[in-house]
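Numbering (the working numbering), first residue to last: -7 to 67.
Glycine residues also receive a C-beta, built at the ideal position from the N, C-alpha and C atoms.
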C-alpha cells in the first residue's frame, strides 16, 4: 500500500474534498487513483504529480503529491 496526497481543484472538489491522503494498492497509477476516488478521465482537465504535468498512466509512489483540475469553462 502507498499513500498519496491528493488535491482537487476547481469544480472537482464540489461535494468531494479539497485535499486528502489516499491509500492505494500497488502498482498505482493516476488511473487507479481516479477509480478509487470515483472520478473518470472525462472529469479531468489537467494532472500534476509533484508539481510536474502528468498523464493517467503515470506510476505513483508513496508520498507523491497529486493535483487534479477540471477543465475551466466560462460563459
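### Task
Pick helix, strand or coil for residue 64, following the three-state DSSP scheme.
coil
### Query
By Cβ distance, which residues of its chain are closer than 6 angstroms to residue -1, with the 5 residues on each side in sequence left out?
11 and 59
### Simplified DSSP assignment, three categories, for residue 70
This structure cannot speak to residue 70, because the chain is shown only from -7 to 67.
### Query
In terms of alpha-carbon separation, which member of 57, 47, 62 and 49 lies closest to residue 15?
57
### Task
Determine, using beta carbons only, whether residue 1 and residue 61 come nearer to each other than 8 angstroms.
yes
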